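Peer 1: Before anything else, here's the structure in question.
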Amino acid sequence: MDSARSMDSLRGPMIGVILIPVLALLPLAGTLLVERGMEARRMDRLMEHVALAAGVRTLVEALQAERGASVGYLSVRDQAFRRILGEARAATDAQVESFLQRIRGFDLAVGPDRADWLDAIRDDLEGLAQHRGEVDRLALHPLEILPPYTRLVRQLVLLASSVPGVDDGGALYARLDAYRTFLLMREYAGLERALGTAWIGGAAPDPLVFRRYVEAVSVQDFLRTQFLAMTPDSRRRDLEAVEGTPAHQELLAARSAILNQGAAGPPAYLGPVRWFRVSSERLRHLSGIEMGLTQGLLDEARTMRERAQAQRWLLGGAVLMLLVLTTALSAVIARRLLRRERERRDHVRRIEYLAHHDPLTDLPNRRHFARILQVHMEAARASGGGLALCLLDLEGFSEVNRIWGEETADRVLKEIADRLVALAGPAVPVARIYGDQFALCVSGEAQGADVEGLTDGVLGVLDPPIRVGQRLIELRGNLGVVLCPPFPETVSDLMADAVFAVDQAKAEPVQRRQVFDPERMRRHAEQARLDQDLERALERGELEVHYQPQVELDSGRVTRLEALLRWHHPQRGAVSPAVFIPRAEATGAIIAIGDFVLQSACRQLRRWRDRGLGDLSVAVNLSTVQLYQADLVARVRRALEESGLPAPALELEITETGIMQDLEMAREVMQDLRALGVRLSVDDFGTGYSSLAYLTRLPVQILKLDRSFVADLEGSGEGRKVAEAVLGLAESLSLEVVAEGIETTAQADWLRQRACALGQGFLYARPLPPEACASLLTGAARGHPLGEAPVG
């Protein structure tokens, strides 16, 4: 009986021991079962969505084909593209009808934003008729038809690749990410087809079409690299197989030809219809890969659904087993699950934060700042307000990193970021967009402040030295500012304008700031185009050497010639040497151009001497870049040997400024040149240092009196005094003097009276092309001196 009472007394605690874990585990078990069920339903929805994506794919292909055909028809305007366009439209109409039937009643069940999305797609599809009418009337530029189709295609791409409920970081998410990247890559391949057709088929080269084409190729290559990095090996092999097809290889060859030709126009052998068909064939090959990716998503979703269902059943069995376990074990499991969930959520939040912020300074990164800038631009446009973008580039920061190490450099960046945030206040976004670059976006009333005050404030944050431990580190910065309006077309354009302004600010060592000037950018672009043209001018035969006679002032007899380069640009006409020679020196093109002038002058003079036109010599100008070129002496020797010209018949003119850049090195080079037997002269003498000390150290035989002093000889100014001094200096050093720019008999008489033996200028002859110069030399050889009237 006592035993029974004991059992009765224990029954309650035992029931409690059993019920407590049961009651504790049932809610958790129910929750897990519900989650597995929801996961299975999510997989069902995913499969429905992927099935929809297959229909979207065929519609996207049809729209891309119609877009390319529309661009081709607007560019070429012939019946071939008209037929292609008709076929493309028929295909689009069929796919539109199929798509509308497919999405009719399709339950996205993720909120009104997706419904609005579908409504927008329907509206854009209905608007195709209007765009087609404008194409039929040839009322559009080829680029104007791109936006409506491109917007619609990208909406469909997002619809096909944006699946709700897929966890970030999983295998399915990775597949979707690769799928989305491939769809975008294929879209840019479609844009390449359309833009290439416009470029090849256009009546005249359109720089905007070429720029858009280059952008499409660049983005396509970037997306291809991303896709290869995130897709399985089998898909990589599929893409490599496509890239090995004849269509792809032919397209690559055509693309290379277009890019090599540049903005001057497409290669003549490329036809727009052939380009369109080859591009379309390549896109059809890519569609096969897309189908494989879609099937892969379906397989992955099906596997995950089956896994979720299996887990649901297993979980049910596990719940029955867990009910037998102790309360302590149940509590431990619950705590572990909760802890893992919290860690997962914290991890997701951290990843999301790092995707938009710089981990060192906690400022928005470049990607996030671009979105912020987009919002501010749209708001400023809508309100009619203004906006200022400031880009601060730290000067010398790499030295801080190299000398003091990364830890110190990081603390410096953090301090600068804190100062900028304190200066800007909460209303002004501040971002770190590169390692040593910060950006601020000032809009509304804040932008109305004077620009100088704004730039002073931003640069002023670098004035106080930055203390890191016992060190005081000083930095300077260069600031570029873009003021809007006018607003650029995109945020990328706005950022590019700011970068250009920063580059210009680096050329202002005192001010260290620059407000973006569209005209300056235009000039910069114009200069870049001139540089490109100059690089090709030699191979295109646009450069020609002219010759200006140097005469004896007493007799008018021609004894020497100066070789002067001329550039006949096919569009610009004659380009002044004062314009293109400095650019050639800056870009390094002067090396090849200088060789051309030297070799041409030596060969031409040898021909004239062989024809009996006189015992002439020729003077060739050496640029500063050539003077300090390591193999200059070898190049001069080769020019003499190949032409057969005696070394004393060649004179090399070197400027004072070039010599004084490195006097000792210049002296060594000039001594080596003199050892060859060539004559050396100092060009534009009197405009620079004009020092007796350096002249006595150099192996020169001739001084050239600059034309600016010759022009002043008829007056009583400083030029006349300098000319007298130069002539006296030359006489004392037994040097010849050649006066440049003689235009009047009075100037010639003045120089002749002061024992200046040689001169050149318009009084005698202008620089002449070889044929005209040969005629002049023929007359001079027959006893007709120069000086009565200018020749040329």
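Residue numbers are given in full-length UniProt numbering: position 217 of the sequence shown equals residue 217, and the series is strictly consecutive.
Just so you know, even glycine gets a beta-carbon here, dropped at the ideal spot from N, CA and C.
Bear in mind the structure is a predicted one, so any value in this text is a computation, not a measurement.
(1) Less than 6 Å between C-beta atoms, sequence neighbours within five positions excluded: which residues of the same chain meet that for GLU250?
(2) Looking at the strands, I want to know which residues DSSP matches up with LEU483.
(3) Roughly how many angstroms lie between the CA atoms of PRO267 and LEU85, to the nearest whole one?
(4) Compare the Cα-Cα distances from ARG274 to each of ASP299, HIS248, PRO767 and report the closest residue.
(5) Grouping DSSP H, G and I as helix and E and B as strand, with all else coil, what is GLU562?
(6) Determine, using beta carbons only, whether VAL209 and LEU143 come nearer to each other than 9 Å.
(7) Ends of the beta strand (DSSP E) at SER383?
(8) Does the beta-carbon distance from GLY469 to ALA505 come in below 9 Å?
(9) Measuring CA to CA, which of VAL618, LEU391, GLU519, PRO359 is closest to ARG512?
(10) For THR361, which residues in the same chain have their Cβ closer than 7 Å to its Cβ, ignoring the five residues on either side in sequence?
(11) Can you tell me where the beta strand (DSSP E) holding VAL618 begins and where it ends?
(12) Could you check the C-alpha separation between ALA174 and PHE596 for me, to the nearest Å?
(13) Using three-state DSSP, classify CYS441 as helix, strand or coil.
(14) What span of residues does the beta strand (DSSP E) with ASP531 cover, start to end?
(15) Do you know offhand how far VAL558's Cα is from VAL738's?
(16) Compare the C-alpha of ALA357 against each of PHE438, GLU535, HIS131 and name the closest.
(17) Which residue comes first and which comes last in the alpha helix (DSSP H) that contains ASP93?
(18) Do ARG667 and ARG697 come within 9 Å of each other at the CB atom, strictly closer than that value?
(19) Might you give, ordered along the chain, the residues of its own chain that have their beta carbon closer than 6 Å to the beta carbon of ILE121, omitting 5 neighbours on each side?
(20) Extract the residue ranges of the alpha helix (DSSP H) inside the segment 123-208, only unbroken runs of 4 or more that lie entirely within it.
(21) In the DSSP output, which residue or residues are listed as bridge partners for ARG770?
(22) Is GLY292 closer than 9 Å to ARG235 when the C-beta atoms are compared?
(23) Taking the continuous alpha helix (DSSP H) assigned at PRO426, which residues delimit it?
(24) Just to confirm the assignment: which complete alpha helix (DSSP H) runs, minimum length 4, are found wholly within the segment 743-769?
(25) Within 10 angstroms of its Cβ, does ILE403 collect 16 or more other Cβ (buried), or is it exposed?
(26) Can you tell me whether TRP313 is buried or exposed? The criterion is at least 16 other CB atoms within 10 Å of its CB, across all chains shown.
(27) Enumerate, from N- to C-terminal direction, the unbroken beta strand (DSSP E) stretches of 3 or more residues contained entirely within the segment 567-628.
(28) Hey, would you say LEU776 sits closer than 9 Å to LEU733, going by beta carbons?
(29) Does the segment 217-233 come close enough to the segment 177-186 to have 3 or more Cβ pairs within less than 8 Å?
(30) Which residue's Cα is closest to the Cα of ALA91: VAL60, ILE103, GLN79, ARG335?
(31) With a 10 Å radius around its C-beta and 16 neighbouring C-beta atoms as the bar for buried, classify residue 866 as buried or exposed.
(32) Output the boundary residues of the beta strand (DSSP E) element that contains HIS546.
(33) Compute the distance between the beta-carbons of residue 812 and LEU125, then report whether it is under 9 Å.
(34) Would you grab the beta carbon distance between VAL682 and GLU656 for me? Rounded to a whole angstrom, and I think it's under 8 Å.
(35) Given this structure, state the Cα-to-Cα distance separating GLY196 from GLY127, to the nearest angstrom.
(36) In chain order, what residues of the same chain have a beta carbon less than 8 Å from the beta carbon of GLY111, not counting five sequence neighbours either side?
Peer 2: So, to answer that:
(1) Position 250 of the sequence shown holds residue 250. Counting only Cβ-Cβ distances below 6 Å, and skipping sequence neighbours, we find VAL278.
(2) Your numbering for residue 483 matches position 483 in the sequence shown. Here LEU483 is bridged, per DSSP, to ALA388.
(3) For the purposes of this step, residue 267 is taken as the residue at position 267 of the sequence shown. For the purposes of this step, residue 85 is taken as the residue at position 85 of the sequence shown. Those two C-alpha atoms are separated by around 24 Å.
(4) Numbered from its first residue, the sequence shown carries residue 274 at position 274. Closest by alpha carbon: HIS248.
(5) In the sequence shown, the residue the question calls residue 562 occupies position 562. Per DSSP, reduced to three states, the secondary structure at GLU562 is strand.
(6) As a position in the sequence shown, residue 209 is number 209, starting the count at 1. As a position in the sequence shown, residue 143 is number 143, starting the count at 1. Between VAL209 and LEU143, the gap from beta carbon to beta carbon is short of 9 Å.
(7) Taking the first residue of the sequence shown as position 1, residue 383 is located at position 383. Segment 366-383 is the alpha helix (DSSP H) holding SER383; no beta strand (DSSP E) there.
(8) As a first step, residue 469 is located in the sequence shown; it is residue number 469 there, counting from the start. As a first step, residue 505 is located in the sequence shown; it is residue number 505 there, counting from the start. In this structure, GLY469 keeps its C-beta atom at 9 Å or more from the C-beta atom of ALA505.
(9) Counting from one through the sequence shown, the residue named residue 512 turns up at place 512. Measuring from the Cα of ARG512, the nearest candidate turns out to be LEU391.
(10) For the purposes of this step, residue 361 is identified with residue 361 of the sequence shown, where counting begins at 1. LEU413, LYS414, ALA417, ARG432.
(11) Residue mapping note: residue 618 aligns to position 618 of the sequence shown, counting from 1. Secondary structure note for VAL618: its beta strand (DSSP E) is the uninterrupted segment 617-622.
(12) Start at 1 with the first residue of the sequence shown, and residue 174 comes out as number 174. Start at 1 with the first residue of the sequence shown, and residue 596 comes out as number 596. Straight through space, the alpha carbons of PHE596 and ALA174 are spaced by roughly 58 Å.
(13) Mapped onto the sequence shown, residue 441 falls at position 441. Secondary structure of CYS441 (DSSP, three-state): strand.
(14) One-based indexing of the sequence shown puts residue 531 at position 531. From DSSP, ASP531 is part of no beta strand (DSSP E) but of the alpha helix (DSSP H) over 518-537.
(15) Your numbering for residue 558 matches position 558 in the sequence shown. Your numbering for residue 738 matches position 738 in the sequence shown. So the two alpha carbons sit approximately 13 Å from each other.
(16) Numbered from 1 along the sequence shown, position 357 holds the residue referred to as residue 357. Here residue 357 is His; the residue named in the question, Ala, does not match the sequence. The shortest Cα separation from HIS357 among PHE438, GLU535, HIS131 belongs to PHE438.
(17) In the sequence shown, counting from the first residue as 1, residue 93 sits at position 93. DSSP places ASP93 inside the alpha helix (DSSP H), whose first and last residues are 79-103.
(18) By one-based count along the sequence shown, residue 697 stands at place 697. By one-based count along the sequence shown, residue 667 stands at place 667. Between ARG697 and ARG667, the C-beta spacing is below 9 Å.
(19) As a first step, residue 121 must be located in the sequence shown, where it is residue number 121. Shown here for ILE121: same chain residues with a beta carbon closer than 6 Å to its own, the five before and five after excluded, namely GLN155 in chain order.
(20) For the alpha helix (DSSP H) assignment, the uninterrupted runs of no fewer than 4 residues enclosed by the segment 123-208 are, from N- to C-terminal side, 128-136, 146-161, 171-201.
(21) The residue given as residue 770 occupies position 770 in the sequence shown. Position check: residue 770 holds Pro in this sequence, whereas Arg was assumed. DSSP output for PRO770 lists no bridge partner at all.
(22) Against the sequence shown, residue 235 aligns to sequence position 235. Against the sequence shown, residue 292 aligns to sequence position 292. In contact: ARG235 and GLY292 (Cβ atoms closer than 9 Å).
(23) Along the sequence shown, read from residue 1 onward, the residue named residue 426 stands at position 426. Where PRO426 is concerned, there is no enclosing alpha helix (DSSP H), given that its DSSP letter is neither H nor E.
(24) Every unbroken stretch of the alpha helix (DSSP H) spanning 4 or more residues and falling wholly within the segment 743-769 is given here in chain order: 745-753.
(25) Translated into positions along the sequence shown, residue 403 becomes position 403. Burial state of ILE403 is exposed, judged by a 10 Å Cβ sphere holding fewer than 16 other Cβ atoms.
(26) Within the sequence shown, numbered from 1, the residue matching residue 313 stands at position 313. Classification for TRP313: exposed.
(27) Segments of the beta strand (DSSP E) lying fully in the segment 567-628: 573-575, 617-622.
(28) Position 776 of the sequence shown, counting from 1, holds the residue named residue 776. Position 733 of the sequence shown, counting from 1, holds the residue named residue 733. Result no, Cβ atoms of LEU776 and LEU733 do not sit closer than 9 Å.
(29) A contact exists between the segment 217-233 and the segment 177-186.
(30) As a working note, residue 91 is residue 91 in the sequence shown. VAL60 is the residue among VAL60, ILE103, GLN79, ARG335 whose C-alpha sits nearest the C-alpha of ALA91.
(31) The requested residue 866 is not part of the displayed model; the chain covers only 1 to 792.
(32) As a position in the sequence shown, residue 546 is number 546, starting the count at 1. Under the DSSP assignment, HIS546 falls in the beta strand (DSSP E) whose first and last residues are 543-552.
(33) Not covered by the structure: residue 812. The range shown for the chain is 1 to 792.
(34) If you number the sequence shown from 1, residue 682 lands on position 682. If you number the sequence shown from 1, residue 656 lands on position 656. At roughly 6 Å, the Cβ-Cβ gap stays under 8 Å, so VAL682 and GLU656 are in contact.
(35) Mapped onto the sequence shown, residue 196 falls at position 196. Mapped onto the sequence shown, residue 127 falls at position 127. Cα to Cα, the separation comes out at about 25 Å.
(36) Along the sequence shown, read from residue 1 onward, the residue named residue 111 stands at position 111. The predicted position of GLY111 is uncertain, since its pLDDT is 48 and thus under 50; a value taken from the coordinates is nonetheless stated next. Correct list: empty, nothing qualifies.
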